[in-house]
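Student:
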(Lines of atoms letter the chains of each structure in order from A and count residues from 1; the text may use other names and numbers.)
(Lines give C-alpha, C1' and ligand atoms only; values in the text may rest on other atoms or scores of the structure.)
Protein backbone atom coordinates (compact mmCIF):
# COMPACT_ATOMS: atom_id res chain seq x y z
CA UNK A 1 0.00 0.00 0.00
CA UNK A 2 1.09 3.57 -0.56
CA UNK A 3 -0.49 6.94 0.08
CA UNK A 4 0.31 10.37 -1.25
CA UNK A 5 -0.89 13.93 -1.46
CA UNK A 6 0.40 15.62 -4.62
CA UNK A 7 -0.94 18.26 -7.00
CA UNK A 8 -3.87 18.91 -4.62
CA UNK A 9 -5.02 15.28 -4.97
CA UNK A 10 -5.06 12.43 -2.45
CA UNK A 11 -4.27 8.97 -3.76
CA UNK A 12 -3.86 5.48 -2.34
CA UNK A 13 -2.62 2.40 -4.17
CA UNK A 14 -2.72 -1.22 -3.10
CA UNK A 15 -0.65 -3.64 -5.18
CA UNK A 16 -0.79 -7.42 -5.33
CA UNK A 17 2.46 -8.98 -6.52
CA UNK A 18 3.86 -12.40 -7.22
CA UNK A 19 7.57 -13.05 -6.64
CA UNK A 20 8.92 -16.11 -8.46
CA UNK A 21 11.76 -18.30 -7.21
CA UNK A 22 14.10 -16.65 -9.73
CA UNK A 23 13.35 -13.26 -8.12
CA UNK A 24 11.23 -11.93 -10.96
CA UNK A 25 8.22 -9.86 -9.96
CA UNK A 26 4.80 -9.79 -11.54
CA UNK A 27 2.27 -7.19 -10.48
CA UNK A 28 -1.09 -8.94 -10.65
CA UNK A 29 -3.47 -6.21 -9.50
CA UNK A 30 -3.45 -2.56 -8.47
CA UNK A 31 -6.38 -0.86 -6.75
CA UNK A 32 -6.38 2.92 -6.56
CA UNK A 33 -8.60 5.30 -4.63
CA UNK A 34 -8.30 8.96 -5.57
CA UNK A 35 -9.76 12.19 -4.23
CA UNK A 36 -8.87 14.84 -6.78
CA UNK A 37 -11.61 17.28 -5.87
CA UNK A 38 -14.40 18.00 -8.33
CA UNK A 39 -14.07 15.65 -11.28
CA UNK A 40 -14.82 17.20 -14.64
CA UNK A 41 -14.30 14.05 -16.72
CA UNK A 42 -14.11 10.74 -14.79
CA UNK A 43 -12.96 8.78 -17.86
CA UNK A 44 -9.95 11.06 -18.19
CA UNK A 45 -9.13 10.66 -14.48
CA UNK A 46 -9.29 6.85 -14.82
CA UNK A 47 -7.15 6.91 -17.97
CA UNK A 48 -4.52 9.15 -16.34
CA UNK A 49 -4.32 6.87 -13.32
CA UNK A 50 -4.23 3.67 -15.39
CA UNK A 51 -1.44 4.97 -17.61
CA UNK A 52 0.42 6.33 -14.59
CA UNK A 53 0.24 2.93 -12.93
CA UNK A 54 1.68 1.23 -16.01
CA UNK A 55 4.49 3.77 -16.25
CA UNK A 56 5.14 3.56 -12.49
CA UNK A 57 5.40 -0.24 -12.61
CA UNK A 58 7.78 0.11 -15.56
CA UNK A 59 9.96 2.44 -13.48
CA UNK A 60 9.85 0.13 -10.45
CA UNK A 61 10.68 -3.08 -12.31
CA UNK A 62 12.75 -2.01 -15.33
CA UNK A 63 13.58 1.70 -15.04
CA UNK A 64 17.34 1.53 -15.11
CA UNK A 65 19.17 4.16 -17.15
CA UNK A 66 22.82 3.47 -17.89
CA UNK A 67 25.58 5.71 -19.18
CA UNK A 68 28.47 4.83 -21.45
CA UNK A 69 31.12 7.36 -22.46
CA UNK A 70 28.97 10.14 -20.99
CA UNK A 71 25.86 9.23 -22.99
CA UNK A 72 22.63 7.53 -22.07
CA UNK A 73 22.53 4.05 -23.62
CA UNK A 74 18.73 3.78 -23.76
CA UNK A 75 17.81 5.85 -26.80
CA UNK A 76 14.21 4.77 -27.34
CA UNK A 77 11.74 2.02 -26.51
CA UNK A 78 13.81 -0.55 -28.43
CA UNK A 79 16.58 -0.18 -25.81
CA UNK A 80 14.47 0.70 -22.75
CA UNK A 81 12.35 -2.11 -21.38
CA UNK A 82 8.75 -1.15 -20.65
CA UNK A 83 5.86 -3.09 -19.19
CA UNK A 84 4.26 -5.10 -21.99
CA UNK A 85 0.55 -5.65 -22.46
CA UNK A 86 0.83 -9.28 -21.36
CA UNK A 87 2.46 -8.09 -18.11
CA UNK A 88 -0.16 -5.43 -17.32
CA UNK A 89 -2.04 -5.96 -14.07
CA UNK A 90 -5.74 -5.70 -13.47
CA UNK A 91 -6.31 -2.06 -12.48
CA UNK A 92 -9.25 -0.77 -10.45
CA UNK A 93 -9.77 2.96 -10.00
CA UNK A 94 -12.18 4.31 -7.41
CA UNK A 95 -12.89 8.04 -7.59
CA UNK A 96 -14.03 9.69 -4.36
CA UNK A 97 -16.86 12.17 -4.90
CA UNK A 98 -15.82 15.60 -3.67
CA UNK A 99 -16.95 19.21 -3.82
CA UNK A 100 -13.38 20.55 -3.42
CA UNK A 101 -11.70 22.41 -6.31
CA UNK A 102 -10.21 20.12 -9.00
CA UNK A 103 -6.76 18.77 -8.25
CA UNK A 104 -4.00 17.55 -10.55
CA UNK A 105 -4.03 14.19 -12.25
CA UNK A 106 -1.04 13.98 -14.63
CA UNK A 107 1.96 12.60 -12.75
CA UNK A 108 0.14 11.65 -9.56
CA UNK A 109 -0.62 8.06 -10.60
CA UNK A 110 2.99 7.35 -11.54
CA UNK A 111 4.70 8.39 -8.33
CA UNK A 112 2.44 6.47 -5.95
CA UNK A 113 2.67 2.97 -7.44
CA UNK A 114 6.39 2.07 -6.98
CA UNK A 115 5.99 2.33 -3.21
CA UNK A 116 2.90 0.11 -3.30
CA UNK A 117 4.77 -2.46 -5.41
CA UNK A 118 7.84 -2.52 -3.17
CA UNK A 119 5.69 -2.68 -0.03
CA UNK A 120 3.86 -5.66 -1.56
CA UNK A 121 7.21 -7.30 -2.34
CA UNK A 122 8.21 -6.78 1.30
CA UNK A 123 4.94 -8.34 2.47
CA UNK A 124 5.52 -11.35 0.20
CA UNK A 125 9.24 -11.91 0.87
CA UNK A 126 10.28 -10.02 4.00
CA UNK A 127 12.93 -8.27 1.88
CA UNK A 128 12.83 -4.47 2.06
CA UNK A 129 14.05 -2.90 -1.18
CA UNK A 130 15.74 0.50 -0.87
CA UNK A 131 16.62 1.14 -4.52
CA UNK A 132 14.83 0.93 -7.83
CA UNK A 133 14.54 -0.74 -10.21
CA UNK A 134 13.80 -3.95 -8.34
CA UNK A 135 16.90 -6.11 -7.90
CA UNK A 136 15.77 -9.63 -8.89
CA UNK A 137 19.07 -11.12 -7.68
CA UNK A 138 18.42 -9.82 -4.16
CA UNK A 139 14.86 -11.16 -4.27
CA UNK A 140 16.05 -14.57 -5.47
CA UNK A 141 17.93 -14.92 -2.19
CA UNK A 142 14.86 -13.89 -0.20
CA UNK A 143 12.40 -16.32 -1.81
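Residue numbers (this note's numbering): 1324 to 1466.
C-beta atoms are modelled at their ideal positions from N, C-alpha and C, and glycine is treated no differently.
1. Could you check where the beta strand (DSSP E) with residue 1326 kicks off and where it finishes?
2. Taking residue 1356 as the reference, which of 1441, 1328, 1340 and 1363 has the closest Cα?
3. In terms of residue numbering, what span does the alpha helix (DSSP H) encompassing residue 1351 cover?
4. From what residue to what residue does the alpha helix (DSSP H) around residue 1362 run?
5. Considering only DSSP beta bridges, list what residue 1334 is partnered with.
6. Spatial neighbours of residue 1334 within its chain, please: CB distance less than 6 Å, with the 5 preceding and 5 following residues excluded, ordered by chain position.
7. So residue 1336 and residue 1439 are supposed to be a Cβ contact under 8 Å. How far apart are they, rounded?
Tutor: Reading off the structure:
1. Membership of residue 1326 in the beta strand (DSSP E) is indicated by the continuous run 1325-1329.
2. The closest CA to that of residue 1356, considering only 1441, 1328, 1340 and 1363, is found on 1328.
3. Looking at the DSSP string, residue 1351 is not in any alpha helix (DSSP H); the run it does join, the beta strand (DSSP E), is 1348-1358.
4. Bounds of any alpha helix (DSSP H) do not take in residue 1362, whose DSSP letter is neither H nor E.
5. Paired residues: 1327 and 1357.
6. The residues are 1327, 1357, 1431 and 1435.
7. Residue 1336 to residue 1439, Cβ: 4 Å. Contact.
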